[in-house]
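In what follows, a single structure is set out as structure tokens and then discussed.
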């Protein structure tokens, strides 16, 4: 168990929940994937380790982790992916043509969140965004 997962285990316990063996395996699997894994990919990895854990259980555990905001779910390039939530905002640039995904750890969205709160009274969760567009390679190919 990595230092990263120990933090999450403690957060789960601090909120009054038990860390069951099934939850531990799913959490370890999400962490091992390093993010950007679909529920199906996570299930396949879990199933290799522990065939007794069924697909519905894995999906329920992923939903549970999302509710606790330990895992983020995002639609990226037409796929719903899951990844552990870090301490800082984490964004993705997704090419709509080739589906290349680039991670972007950037705090430029803090100003946008402040503006939305001040002007509209809307508290936006901008901790995990997928921004679609064209990557540099596809733009060059398009311009050629």
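In the numbering used here, the protein residues as written are 6 to 149. Glycine residues also receive a C-beta, built at the ideal position from the N, C-alpha and C atoms. Predicted model, so just to flag it, every value in this text is computed and none were measured.
Inter-stretch contact (C-beta, 8 Å, three-pair minimum) for the stretch 91-106 and the stretch 130-138: yes
Sequence ranges, alpha helix (DSSP H) only - wholly within the stretch 12-64, length at least 4: 26-38 and 44-54
For residue 55, I'd like the list of residues in its chain whose CB is within less than 6 Å of its CB, leaving aside the five on either flank, ordered along the chain. Sequence index remark: in the chain shown, residue 55 carries index 50 (1-based). Counting only Cβ-Cβ distances below 6 Å, and skipping sequence neighbours, we find 30.
| Does the count of Cβ pairs from the stretch 33-41 and the stretch 79-89 closer than 8 Å reach three? | At 8 Å Cβ cutoff, the stretches touch.
Taking just the CA atoms, how far does residue 21 sit from residue 133? Counted from its first residue, the chain shown places residue 133 at position 128. Counted from its first residue, the chain shown places residue 21 at position 16. Taking the straight line from one Cα to the other gives about 26 Å.
Let's see if you can read the secondary structure: which residues bound the alpha helix (DSSP H) around residue 148?
Counting from 1 along the chain shown, the entry for residue 148 is found at position 143. The continuous alpha helix (DSSP H) containing residue 148 extends over residues 141-148.
Worksheet item: Looking at residue 50 and residue 34, is the spacing between their C-beta atoms short of 8 Å?
Response: By 1-based counting over the chain shown, the position of residue 34 is 29. By 1-based counting over the chain shown, the position of residue 50 is 45. Yes; because the gap between Cβ atoms is below 8 Å, this pair is in contact.
Worksheet entry | Through-space distance from residue 80 to residue 18, alpha-carbon basis | The sequence position of residue 18 within the chain shown is 13, counting from 1. The sequence position of residue 80 within the chain shown is 75, counting from 1. Distance between the alpha carbons of residue 18 and residue 80: 29 Å.
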